Each structure stands twice: as structure tokens, then as C-alpha cells.
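Q: This structure is in C-alpha cells; I'll ask about it shortly.
Residue numbers (the working numbering): 1 to 46.
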């Protein structure tokens, strides 16, 4: 789960894109971003 948090933080800070996240944890990363009200680009969902 720590790696998911790292990936989420990198996406939010613009250091990585969702496509650069390993496919095995993409669903968890997407869920974490969604729980924060963010899209897969790390920006707020309007």
C-alpha cells in the first residue's frame, strides 16, 4: 500500500503520469485518487 501512496503523490505533484504506474496497482492508485476527489491526472474532478 505504501507504493500506491508514493505513486499517488508523484501523480499529484506532476512527476509521474497514471500510465507510468505499474498496471498491477493502477486500480488501487485510481481508487485512492478518486477518494481524494481527483482524476487520474491528479487534478480535481469538476
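From the three backbone atoms N, C-alpha and C, an ideal C-beta is built for every residue, glycine too.
Just so it is clear, the structure is predicted and the values come from calculations on it, not from any experiment.
1) Using DSSP with H/G/I as helix, E/B as strand and the rest coil, what is residue 27?
2) My guess is that residue 44 and residue 37 are in contact by the Cβ rule of under 8 Å, so how many angstroms apart are they, rounded?
3) For residue 14, count the other beta carbons within 10 Å of its own beta carbon; 16 or more makes it buried, fewer makes it exposed. Which is it?
4) Let me know if residue 29 comes out buried or exposed under the rule of 16 or more other beta-carbons within 10 Å of its beta-carbon.
5) Please classify residue 46 as buried or exposed, where buried requires at least 16 neighbouring CB atoms within 10 angstroms.
A: Reading from the atomic positions:
1) helix
2) 6 Å
3) exposed
4) Burial of residue 29 is indicated by the presence of at least 16 other C-beta atoms within 10 angstroms of its C-beta.
5) exposed
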